[in-house]
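Q: Let me give you the structure first, and then I'll get to my questions.
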Amino acid sequence: MIRGLYSAVSGMLTAVRRMEVATNDLANAQTTGYKAERTSSATFAEQLVRRLDGSANNRALGTLALSNAPEEPELDMSQGSLQQTGRQLDVALEGPGFLAIQTEDGAARFTRDGSLTRDALGYLTTSTGALVLGEDGPLQVPPGPVAINPDGTVMSGETRIGRVLTVEFAPGTQLTKLGNNELVPTDANASPIASNTAAVRQGFVEASNVDLTGTLTTVLELQRAYEANQRMIQYQDQITGRAVNDIAQPTR
Amino acid sequence: MWSMFRVATSGAHAQQRALDVAANNLANAQTTGFKSQRADLADLPPAEAVFTVAGLQGGVDLDLGQVGQGAALAATRSDFAPGSAQQTGRPLDISIAGDGFIPVLTADGLAAYTRDGSLRIDGQGRLTTSSGALVAPGFQLPPGAADPTIDAAGRITARVGDTRQEIGALQLVRFVNSDGLVPLGGNLLGASLAAGDPIAGAPGTEGLGGLVPASLEGSNVDTANELVRVLQAQRAYQANLRALHTIDEMMQEANDMRRS
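The listed protein sequences correspond, in order, to chains A and G. Counting from 1 along the first sequence, just add 11 to a position and that's the residue number in this note's numbering. Counting from 1 along the second sequence, just add 1 to a position and that's the residue number in this note's numbering.
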């Protein structure tokens, strides 16, 4: 009986946790280059349940999972739709990969947010001021029109400035979000591989790939799961109440 | 669990900012030399989530990694694409075909920059913008001068008596990072560290656009585009409020667990 309470509570907590992820996705429904997270729940290891009949040889009844827990959310790396902006320092990656950027303190980060700008010295940067890396280091673009070709080549008039570095990670590499649309591999030893499979589209940005309808459906589903588990707690509380107050009552 | 309220609110707030920017664009759809802006949103750094499972031996804490904490406005980006030049026939109207700004001095003596080329002569014979800022470094018409005009190369001339006399030459400036300019209102932009130093030159040289006399640059706001942005922001706003409402209902369920 008590075990059932734990199962119901874990069901409620799992729903809350998955709800946190869904809420964050909804908040980022319009965030440039944002990748939605998929959540799922899994059962805990099953345990052997035995009947306690007071004798030494308690009979095994089978297995039962006591709890249910959310699994680590997984990034949905599907392509977000490309939105045309016509702005010359907007780039969207079409295909897998990330732009490689370098923060002010020298750390390497990865992003699909290609809404770029220039700093006072003309270096291409992201919104946070991180330098956008080319194959030969940061890209310094003189004032005036800039052309960025689908292969990533940056041209200022007839002068070749460099080529935007796009990288990929080995399949199965887990990525951690750091905020500001930046990601890093969860395992610090996982190294990026220069790829250039993605086409660099100038004048476009990649929209968030959050599916509003799907996420709102998940939200409803989670709310109902939460309610159902809450009811199970109430029922089990009532049953326990009966056991304590009614069955154990010596005289009526 | 409580953090979800904040996450959903941050999403709604971010959409509100996007709406503000779109509304400002729409309000300036007819403003001379106005450059449309857009709001870029970014996700907020995640926080550690710990999930406690009650158990027979007091329970276990599971570290579940990180959950993102919502969204915020990351930057507003200006689209410096040229607006369409509209012929006005007024001799002191100029539009810039290409990169560049007209440098001006505000009433407080601060340097500012504009693409609004609707110029005029004030009561003291000085060349100013429509809002009264002096065109830098200062152009003074001699007494008795009439019919001032500006040509494609920026030469300002006026008729004094029977001859046309040159008053001065208008120079334009541009920046390494025009995105870094700060809007000051009144169609003026201010310099900033992020924009870099102004690079001055004659119109049509060194990458600066030439002048188109007797015309004004229209706003580059695309009304249809802005309306689409408004709709997108509205729907995303609603989705965040829906999430907020659902979270509230879940909290209510938790509170109703024990009915007295």
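C-beta: ideal position from N, C-alpha, C; glycine also. Please read all numbers here as calculations on a predicted model, not as lab measurements.
For proline 47 (chain G), which residues in chain A fall below 9 Å Cβ to Cβ?
A: Within 9 Å Cβ-Cβ: Asn35, Thr187, Lys188, Leu189, Gly190.
Q: Examine chain A for any beta-carbon lying closer than 8 Å to the beta-carbon of glycine 191 (chain G), and answer yes or no.
A: Cβ-Cβ to chain A under 8 Å: no for glycine 191 (chain G).
Q: Distance check for asparagine 188 (chain G) and alanine 292 (chain G), CA to CA, integer angstroms please.
A: In the structure as shown, chain G starts at 2 and stops at 261, and residue 292 (chain G) therefore has no counterpart that could be examined.
Q: Report all residues from its chain with a CB closer than 6 Å to the CB of alanine 76 (chain G); omit the five preceding and five following residues, and keep chain order.
A: Excluding positions up to five away in sequence, the list reads Asp41.
Q: Measure the CB-CB distance between glycine 173 (chain A) and threonine 122 (chain A) and report whether it falls below 8 Å.
A: No, these two residues do not count as a Cβ contact at 8 Å.
Q: Which residue marks the beginning of the beta strand (DSSP E) containing glutamine 234 (chain A), and which one marks its end?
A: Taken as a continuous stretch (DSSP letters only), glutamine 234 (chain A) belongs to no beta strand (DSSP E), being part of the alpha helix (DSSP H) at 223 to 253.
Q: Assign asparagine 192 (chain A) to buried or exposed, taking buried as 16 or more other Cβ atoms, counted over all protein chains shown, within 10 Å of its Cβ.
A: With 16 or more other Cβ atoms within 10 Å, it is buried.
Q: Let's test the definition: count the other Cβ atoms within 10 Å of the Cβ of proline 154 (chain A) and tell me whether it reaches 16, buried, or not, exposed.
A: With 16 or more Cβ atoms within 10 Å of its Cβ, proline 154 (chain A) is classed as buried.
Q: Whose C-alpha, out of A:Asn160, A:Gly145, A:Ser167, A:Arg253, is nearest the C-alpha of valine 152 (chain A)?
A: Comparing Cα positions, the closest option is A:Ser167.
Q: Could you work out which residues of chain G lie near threonine 42 (chain A), taking near to mean beta carbons separated by less than 7 Å?
A: Neighbours of threonine 42 (chain A) on chain G, chain order: Leu42, Ala43, Asp44, Ala72.
Q: In the DSSP assignment, what are the bridge partners of glutamate 7 (chain A)?
A: Lying outside 12 to 263, the shown extent of chain A, residue 7 (chain A) is not represented and no answer is given.
Q: Just tell me which of G:Leu245, G:Gln235, G:Val222, G:Gly205 has its CA closest to the CA of arginine 39 (chain G).
A: The shortest C-alpha separation from arginine 39 (chain G) is found at G:Val222.
Q: Please state whether DSSP places glutamate 115 (chain A) in a helix, a strand or coil.
A: Glutamate 115 (chain A): coil per DSSP, three-state reduction.
Q: For methionine 251 (chain G), I'd like the list of residues in its chain whose CB is within less than 6 Å of its CB, leaving aside the five on either flank, ordered along the chain.
A: No residues qualify anywhere along the chain.
Q: Do you know whose CA, among A:Ala199, A:Arg253, A:Gln249, A:Glu238, lies nearest valine 27 (chain A)'s CA?
A: Among A:Ala199, A:Arg253, A:Gln249, A:Glu238, the Cα nearest to that of valine 27 (chain A) belongs to A:Glu238.
Q: Determine the closest residue to alanine 86 (chain G) out of G:Ala113, G:Thr164, G:Ser119, G:Ala201, with distance taken between C-alpha atoms.
A: Checking every option, the nearest Cα to that of alanine 86 (chain G) belongs to G:Ser119.
Q: What are the start and end residues of the alpha helix (DSSP H) that includes threonine 13 (chain A)?
A: Sequence inspection shows isoleucine at residue 13 (chain A); the threonine mentioned does not correspond to that position. First-last of the alpha helix (DSSP H) with isoleucine 13 (chain A): 13 to 38.
Q: At 7 Å on the CB atoms, spell out the chain G contacts of leucine 227 (chain A), in chain order.
A: Per Cβ cutoff of 7 Å: Ala240, Arg243.
Q: Rounded to whole angstroms, what is the Cα-Cα separation between alanine 19 (chain G) and glutamine 41 (chain A)?
A: Spanning the two alpha carbons is a distance of roughly 9 Å.
Q: Please report the straight-line C-alpha distance between serine 37 (chain G) and asparagine 26 (chain G), rounded to a whole angstrom.
A: When rounded, the distance between both Cα atoms is 6 Å.
Q: Going by DSSP, what residue range makes up the beta strand (DSSP E) through glycine 145 (chain A)?
A: Per DSSP, glycine 145 (chain A) belongs to the beta strand (DSSP E) from 142 to 145.
Q: Excluding the 5 residues preceding and the 5 following asparagine 240 (chain A) in the sequence, name in chain order all residues of the same chain whose CB lies nearer than 6 Å to its CB.
A: Cβ neighbours of asparagine 240 (chain A) beyond the five flanking positions: Ala19, Gly22, Met23.
Q: Below 8 Å between beta carbons: does that hold for leucine 142 (chain G) and isoleucine 103 (chain G)?
A: Contact flag unset, no.
Q: Give the DSSP-derived three-state secondary structure of alanine 113 (chain G) in the structure shown.
A: The answer is strand: DSSP assigns alanine 113 (chain G) an E or B state.
Q: For glutamine 249 (chain A), I'd like the list of residues in its chain whose CB is within less than 6 Å of its CB, leaving aside the five on either flank, ordered along the chain.
A: Closer than 6 Å at the Cβ level, and outside the excluded window around glutamine 249 (chain A), lies no residue.
Q: Run through the segment 155 to 199 of chain A for me and flag every whole beta strand (DSSP E) of 3 or more residues, listed as ranges in chain order.
A: Entirely contained in the segment 155 to 199 of chain A, the beta strand (DSSP E) runs reaching 3 residues are, in chain order, 164 to 167, 170 to 174, 177 to 179, 186 to 190, 193 to 196.
Q: Measuring CA to CA, which of A:Ala201, A:Glu105, A:Leu227 is closest to alanine 209 (chain A)?
A: Looking at the Cα atoms, A:Glu105 is the closest of the given residues.
Q: In angstroms, rounded to a whole number, what distance separates the CA positions of glutamine 245 (chain A) and arginine 259 (chain G)?
A: Those two C-alpha atoms are separated by around 7 Å.
Q: First and last residue of the alpha helix (DSSP H) that includes glycine 12 (chain G)?
A: That run of the alpha helix (DSSP H) goes 4 to 28.
Q: If glutamine 90 (chain A) and phenylalanine 215 (chain A) are in contact, beta carbons under 8 Å, what's the gap, nearest whole angstrom?
A: Going by Cβ atoms, the distance from glutamine 90 (chain A) to phenylalanine 215 (chain A) rounds to 12 Å, so no, they are not a contact pair.
Q: Would you call the segment 94 to 108 of chain G and the segment 222 to 232 of chain G touching, i.e. three or more CB-CB distances under 8 Å?
A: These segments do not touch.
Q: The beta strand (DSSP E) with asparagine 79 (chain A) in it runs from where to where?
A: Unbroken beta strand (DSSP E) run through asparagine 79 (chain A): 79 to 81.
Q: Look at the Cβ atom of glutamine 88 (chain G), then the Cβ atom of serine 216 (chain G), and state whether they are nearer than 8 Å.
A: Yes.
Q: Please name the residue in A:Arg29, A:Val60, A:Val221, A:Leu100 whose C-alpha comes closest to that of alanine 80 (chain A).
A: Residue A:Arg29 is the option with its Cα nearest to alanine 80 (chain A).
Q: Closest Cβ-Cβ distance between methionine 30 (chain A) and chain G: below 8 Å?
A: Closer than 8 Å to some Cβ of chain G, the Cβ of methionine 30 (chain A) qualifies, so yes.
Q: As a quick exercise: from A:Thr184, A:Leu100, A:Gly133, A:Glu179, pick the residue whose alpha carbon is nearest that of leucine 194 (chain G).
A: The shortest Cα separation from leucine 194 (chain G) among A:Thr184, A:Leu100, A:Gly133, A:Glu179 belongs to A:Gly133.
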